[in-house]
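Engineer: So that we are looking at the same thing, I have put the structure below in structure tokens.
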Amino acid sequence: MSEEQKPVRIRADRDVCIGAGMCVMTAEQIFDQDDDGVVVLLEPEPPAEHADLARRAVRACPSGALSLVED
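So, in structure tokens, the structure goes:
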């Protein structure tokens, strides 16, 4: 299994989120935003085929509200 395909779990700290929306623009299958623009985690454990998108979204988060927990 390649690094991009390794399963991941995502944590989202809604108190840290600034509503930039980079996560949604990067991986709309995994993230959304509520009416206030705060991150909503749709897939805390995305399927392996979306693991690379999840990693990109975490790296793109300007506030550091997102983190990965890799097995």
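Under numbering that gives the first Met the number 0, the first residue of the sequence shown carries the number 0, and numbering increases by one thereafter.
Where a beta carbon is used, it is the ideal one built from N, C-alpha and C, also for glycine.
Since this is a predicted model, take the numbers as computed values, not measurements.
Classify R91 as buried or exposed, calling it buried when 16 or more other Cβ atoms lie within 10 Å of its own Cβ.
Structural biologist: The chain is shown from 0 up to 70; residue 91 falls before or after that span and cannot be answered.
Engineer: Using a Cβ distance threshold of 8 Å, determine whether the region 46 to 65 contacts the region 10 to 27, with at least three qualifying pairs required.
Structural biologist: Taking 8 Å as the limit for Cβ pairs, the verdict is that the region 10 to 27 does touch the region 46 to 65.
Engineer: Cα separation between I29 and E42?
Structural biologist: Here residue 29 refers to the residue found at position 30 of the sequence shown. Here residue 42 refers to the residue found at position 43 of the sequence shown. Their Cα atoms are separated by approximately 5 Å.
Engineer: Are V23 and D14 touching if we call contact CB-CB under 9 Å?
Structural biologist: Here the question's residue 23 lines up with position 24 in the sequence shown. Here the question's residue 14 lines up with position 15 in the sequence shown. No, the pair does not count as a contact, with Cβ atoms beyond the cut-off.
Engineer: Counting along the chain, where does the beta strand (DSSP E) carrying L40 start and finish?
Structural biologist: Within the sequence shown, residue 40 is the residue found at index 41, counting from 1. Here the beta strand (DSSP E) through L40 covers 38 to 40.
Engineer: Assuming T25 and A59 make a contact with CB atoms under 8 Å, what is their CB distance in whole Å?
Structural biologist: By one-based count along the sequence shown, residue 25 stands at place 26. By one-based count along the sequence shown, residue 59 stands at place 60. Rounded, the Cβ-Cβ distance is 5 Å, consistent with contact.
Engineer: Out of P6, K5, D35, which one is the CA nearest neighbour of A19?
Structural biologist: Position 20 of the sequence shown, counting from 1, holds the residue named residue 19. Per the Cα distances, D35.
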